[in-house]
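Student: This is the structure I have questions about; it appears just below.
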Amino acid sequence: MKRFYLESYGCQMNVYDTQGLARMLEDHAFVRVAEPETADVVLVNTCSVREHAEERTLNRLAVLGRLKAQNPNMKLGVCGCMAQRMGAEIKKRVPRVDLVVGAQALPAVLPALEALDRGEKPGPQVEPLDHYLPPPRPRFDAKNLKGFVTIIRGCNKACAYCIVPTTRGPEVSRHPDDLVLEVHELVLRGAREITLLGQNVNSYQSAGVDFPELLARCGKVPGKWRLRFTTSHPRDMSREVMRRMAAAPRLAPWIHLPVQSGSPRVLKAMNRDYSLEHYLDVIEAAREAIPDLALTTDLIVGFPGETEAEFEETVALVERLRYDTFYAFKYSPRSGTAAARLPDDIPSELKQARLARLLVVQRRLAHEVNQAYVGRTLEVLIEGADSRRGHVLSRTGQNKIVVLEPQEIAPGTFRDATIERAEGQTLYGRLGASA
Ligand code: SAM
Ligand code: SF4
Numbered sequence: 007m008k009r010f011y012l013e014s015y016g017c018q019m020n021v022y023d024t025q026g027l028a029r030m031l032e033d034h035a036f037v038r039v040a041e042p043e044t045a046d047v048v049l050v051n052t053c054s055v056r057e058h059a060e061e062r063t064l065n066r067l068a069v070l071g072r073l074k075a076q077n078p079n080m081k082l083g084v085c086g087c088m089a090q091r092m093g094a095e096i097k098k099r100v101p102r103v104d105l106v107v108g109a110q111a112l113p114a115v116l117p118a119l120e121a122l123d124r125g126e127k128p129g130p131q132v133e134p135l136d137h138y139l140p141p142p143r144p145r146f147d148a149k150n151l152k153g154f155v156t157i158i159r160g161c162n163k164a165c166a167y168c169i170v171p172t173t174r175g176p177e178v179s180r181h182p183d184d185l186v187l188e189v190h191e192l193v194l195r196g197a198r199e200i201t202l203l204g205q206n207v208n209s210y211q212s213a214g215v216d217f218p219e220l221l222a223r224c225g226k227v228p229g230k231w232r233l234r235f236t237t238s239h240p241r242d243m244s245r246e247v248m249r250r251m252a253a254a255p256r257l258a259p260w261i262h263l264p265v266q267s268g269s270p271r272v273l274k275a276m277n278r279d280y281s282l283e284h285y286l287d288v289i290e291a292a293r294e295a296i297p298d299l300a301l302t303t304d305l306i307v308g309f310p311g312e313t314e315a316e317f318e319e320t321v322a323l324v325e326r327l328r329y330d331t332f333y334a335f336k337y338s339p340r341s342g343t344a345a346a347r348l349p350d351d352i353p354s355e356l357k358q359a360r361l362a363r364l365l366v367v368q369r370r371l372a373h374e375v376n377q378a379y380v381g382r383t384l385e386v387l388i389e390g391a392d393s394r395r396g397h398v399l400s401r402t403g404q405n406k407i408v409v410l411e412p413q414e415i416a417p418g419t420f421r422d423a424t425i426e427r428a429e430g431q432t433l434y435g436r437l438g439a440s441a
């Protein structure tokens with residue numbers, strides 16, 4: 007039996023892939039260990055979306071590489087987006103790396119490990135493979151009530167700043183029957199909240215089934231559980247999806263709809279594929295259709311050429327739409343993308359200042375938006391106790407944490423909670439009588 011250790015960086019889709027890698031290795035007589043020091047194989051699944059993520063991972067790889075000095079038999083592998091993007095360059099930066107397998111070739115990990123065992127030195131594996139990893143084997147305990155299912159891999163958009171279409175390739179949707187089965191298995195094993203994942207879930211299309219139909223099919227899996235999805239693309243988010251969300255209590259009233267910028271010029275330069283008017287129309291329709299909808303977004307500050315006035319348009323948009331929360335990032339040039347050919351002309355300190363300004367607005371807005379919940383009763387999923395004070399943590403369909411008084415209550419149950427106060431992003435509430 008060989009022991010393997012896995013680390014995952016980046017998005018939830020990487021976590022899903024990492025769990026798939028674990029399943030593949032376990033199916034081939036490997037056992038997972040919790041510390042790299044005791045492993046024969048150490049694999050790191052990586053993210054390329056911003057330069058900072060890559061730098062951190064290279065530092066981590068150098069640390070893991072030093073473990074090989076104590077354990078020369080250990081094999082060190084790099085998988086995922088960085089491996090796909092950098093290929094042989096990774097071994098130049100961290101010579102102790104034995105194995106490089108790109109995001110589009112993950113099943114090649116096993117044959118590459120076998121080749122290493124035979125004393126061969128396999129080159130970087132980045133050729134896309136048309137088969138994929140086995141779905142993760144769900145392991146549920148009281149702490150883990152959430153399941154994730156990647157429904158579509160890759161991306162067919164061409165946002166000027168984004169490396170994802172390069173690292174993950176074109177869209178491939180998984181077969182709906184496999185997905186419904188996977189959701190079923192997760193629910194049977196105790197999942198109470200399942201999130202369907204993709205870079206653009208709205209463009210899901212397989213075997214004649216589109217995204218609204220997939221939602222309907224997955225939503226029919228019996229049991230008490232809730233369904234979410236992310237990420238939605240403003241261009242492809244349809245009225246039909248909104249109608250389904252409004253009609254099916256199973257579907258959580260939350261949409262993550264990245265806008266990236268409030269400036270029409272910057273949006274165009276980003277090649278985001280929608281106008282600001284279109285985005286505003288989609289939000290208006292969604293808020294009209296879905297009661298109690300929570301809305302979140304992603305923003306990029308300091309895209310090449312972004313003027314102060316254009317940044318202010320982003321601030322104004324955020325103020326106008328009153329997002330429940332948002333994630334803001336400093337633009338990071340990624341070589342090979344269209345934007346990397348433009349000068350990265352916003353100084354780092356100015357990007358930082360714009361980010362800081364947005365975060366101040368975010369804190370104020372989150373506080374204001376959350377005040378509107380005080381006095382309301384919402385269904386929450388009990389997630390467990392916090393380790394410090396024993397408070398019970400729960401989550402609403404809007405993806406908001408509700409802190410409850412310490413009490414005996416089984417994680418995984420759904421209950422009604424009345425919100426008593428709101429502080430920043432957090433709501434504090436009291437449970438009603440049990441159903
Ligand atoms: N597919 C999703 C979408 O269209 O929004 C998310 C893709 S990406 C993994 C997650 C977020 O990272 C993006 O929404 C964007 O805000 C940010 N991002 C992507 N590339 C970036 C870059 N080069 N610099 C800074 N932020 C970036
Ligand atoms: Fe990247 Fe745009 Fe695709 Fe999202 S939609 S993954 S930001 S190219």
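Position in the sequence shown (first residue = 1) + 6 = this note's numbering.
Positions of the beta carbon are idealized from the N, C-alpha and C atoms, including for glycine.
A quick note: this is a predicted structure, and the numbers were derived from the prediction, not measured.
Assign N51 to one of three DSSP states: helix, strand, or coil.
Tutor: In the displayed model, N51 falls within a strand according to three-state DSSP.
Student: According to DSSP, is Y434 part of a helix, a strand, or is it coil?
Tutor: Three-state DSSP puts Y434 in a strand.
Student: From R421 to G403, what does the alpha carbon distance come to, in whole angstroms?
Tutor: Near 12 Å, if we compare the C-alpha coordinates of G403 and R421.
Student: Assuming I388 is part of the beta strand (DSSP E), what are its boundary residues?
Tutor: Per DSSP, I388 belongs to the beta strand (DSSP E) from T383 to A391.
Student: When you compare each of R427, G175 and K226 to Q205 by their alpha carbons, which one comes out closest?
Tutor: G175
Student: Between which two residues does the alpha helix (DSSP H) carrying C87 extend?
Tutor: Going by DSSP, C87 is part of the alpha helix (DSSP H) stretching over C87 to M92.
Student: Give the DSSP-derived three-state secondary structure of A213 in the structure shown.
Tutor: coil
Student: Excluding the five sequence neighbours on either side, which residues of its own chain have a C-beta within less than 7 Å of the C-beta of G212, listed in chain order?
Tutor: The amino acid occupying residue 212 in the given sequence is Ser; Gly does not appear at that position. S179, R180, H181 and P182.
Student: Using 8 Å as the cut-off, classify the Cβ of Q205 as near or not near the heavy atoms of ligand 2, replying yes or no.
Tutor: The answer is yes for Q205.
Student: With three or more beta-carbon pairs closer than 8 Å as the criterion, would you say the region 261-268 touches the region 410-421?
Tutor: no
Student: Compute the Euclidean distance between the alpha carbons of A441 and W231, then round it to the nearest angstrom.
Tutor: Its pLDDT being 49, under 50, A441 is placed unreliably by the model, and nothing is read from it.
Student: Is V272 close to ligand 1? I mean its beta-carbon at under 8 Å from any heavy atom of the ligand.
Tutor: no
Student: Tell me the DSSP bridge mates of K152?
Tutor: E199
Student: Tell me the DSSP bridge mates of A291?
Tutor: According to DSSP, A291 bridges with nothing at all.
Student: What do you get for Q76, buried or exposed, if any count of 16 or more other CB atoms within 10 angstroms of its CB means buried?
Tutor: exposed
Student: Can you look up V321 in the DSSP assignment and give me helix, strand or coil?
Tutor: helix
Student: Three or more C-beta pairs under 8 Å: does that hold for the region 108-121 against the region 362-373?
Tutor: no
Student: In this structure, does DSSP put L410 in helix, strand or coil?
Tutor: strand
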